[in-house]
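Numbering (our numbering), first residue to last: -5 to 356.
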């Protein structure tokens, strides 16, 4: 091969490299701008997809009953979801607002007074004496108490306001996600085909199994984590409202969040039970105590039951994925963490089985 041919091949090679590099650059720029455009809607789309996957089996059954009318089926499910979310949320919110109004009417005057603490508080273990002293100090002179402890009180107040604001935005996001899920359910079969094609391109023959694993994991997490936490928060809120606990809606919301992050509702239950025994009659205190204990233990059998139905991986794998995902990426991580760890588990098991089969053949 003479020098001219070598030079020609070298130029051709360089042209191909440059051409490929330009294609990759153009594709990267396109993907970047696509991501930036869709970025404000990512949370909405993820939650909408999660709800759609969770509710799709129900949508299919209802569509059969309605003789193939997908839009009507999706509309009915969407309306029911709105009623299930808006009803309890509105009730708890109104109860919380009423409590704030009552507090403002009671203490929002010039000579505001806090009633002195009960002597029995001193007998409480660990926190009795410090709590009694602080309460008595506030009862004697609230203005001086606030001035003395302003650095501690202000951050707590701001955090409570942030929590209420976040809860409000979360409810709005959930309502919008329900609308998105209604639309996605109508096109669910087409979406399933796209998911199958994607996983087939990614992992070949295991693509269909991967798609089913993702759907099953999302449904299990929604039932076992979000569903159980919602049930616990709702039941706790109803019990506290009936017992006359101040700010019942706020405590129920905090309890639900604690259940989602797997801390449990015990911190809220303990505070509520302590309060009710000092502020209400014995019958009410006993009934609410039994109710809060019941709420605290129902997740021990509800969660394994709901998360274990058709699980594509051992429950411990899914559970670790939800907790790790939450720590890494917030509430969305409850689902993404469980999905990623489940897929990783299945890939690892598939790889081990392949190695075992190869050894058996040899």
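All C-beta atoms, glycine included, are put in the ideal place defined by N, C-alpha and C.
With a threshold of 6 Å on Cβ separation, who are the neighbours of residue i within its own chain once the five nearest residues in sequence on each side are excluded?
i: residue 182; result: 50
i: residue 367; result: Outside the shown range of the chain, which is -5 to 356, sits residue 367, and nothing can be said about it.
i: residue 175; result: 42, 45 and 46
Out of the options, point me to the one whose CA is closest to residue i's CA.
i: residue 75; options: 150, 169 and 272; result: 169
i: residue 78; options: 321, 317 and 228; result: 228
i: residue 222; options: 250, 200 and 306; result: 250
i: residue 289; options: 277, 233, 226 and 328; result: 226
i: residue 190; options: 203, 18, 166 and 180; result: 203
i: residue 121; options: 186, 268 and 37; result: 268
i: residue 172; options: 68, 29, 187 and 327; result: 68
i: residue 35; options: 167, 331, 184 and 317; result: 167
i: residue 266; options: 156, 238 and 199; result: 238
i: residue 37; options: 325, 342 and 344; result: 325
i: residue 199; options: 344, 123 and 31; result: 344
i: residue 254; options: 146, 297, 235 and 14; result: 297
i: residue 72; options: 29, 187 and 48; result: 48
i: residue 214; options: 283, 153 and 300; result: 300
i: residue 236; options: 209, 217 and 281; result: 281
i: residue 294; options: 218, 116, 54 and 31; result: 218
Mapping the DSSP letters down to three states, classify residue i as helix, strand or coil.
i: residue 238; result: coil
i: residue 63; result: coil
i: residue 307; result: coil
i: residue 103; result: Since pLDDT at residue 103 reaches only 49, below the 50 mark, its modelled position is unreliable, and the value read off the structure follows with that caveat. Coil at residue 103, not helix or strand.
Determine the extent of the alpha helix (DSSP H) in which residue i is found, giving its start and end residues.
i: residue 53; result: 36 to 59
i: residue 427; result: Residue 427 cannot be examined here, being either before or after the span of the chain that is shown, -5 to 356.
Using a Cβ-Cβ cutoff of less than 8 Å, which residues in the same chain neighbour residue i once the five nearest sequence positions on both sides are dropped?
i: residue 379; result: A query on residue 379 cannot be resolved here, the shown segment of the chain reaching from -5 to 356 and no further.
i: residue 263; result: 230, 249, 286, 287, 289 and 290
i: residue 257; result: none
i: residue 150; result: none
i: residue 147; result: 140
For residue i, which residues from the same chain have a beta carbon less than 7 Å from its beta carbon, with the 5 sequence-adjacent residues on both sides left out?
i: residue 260; result: 290
i: residue 180; result: 64, 65 and 68
i: residue 252; result: 258, 259, 261 and 262
i: residue 330; result: 319 and 323
i: residue 336; result: 207, 211, 306, 307, 311, 312 and 315
i: residue 332; result: 211, 215, 312, 315, 316 and 319
Report yes or no: is there a C-beta of chain C within less than 9 Å of the C-beta of residue i?
i: residue 65; result: In summary, chain C is missing from the structure at hand, where a single protein chain is found.
Worksheet entry | Inside the stretch 252 to 302 only - alpha helix (DSSP H) runs reaching at least 4 residues | Scanning the stretch 252 to 302 for uninterrupted alpha helix (DSSP H) segments of 4 residues or longer gives 260 to 273 and 276 to 301, listed from N- to C-terminal end.
Worksheet item: If you scan the stretch 136 to 197 from start to end, which runs of the beta strand (DSSP E) of 3 or more residues do you find wholly inside it?
Response: DSSP assignment within the stretch 136 to 197 yields no whole beta strand (DSSP E) run of 3 residues or more.
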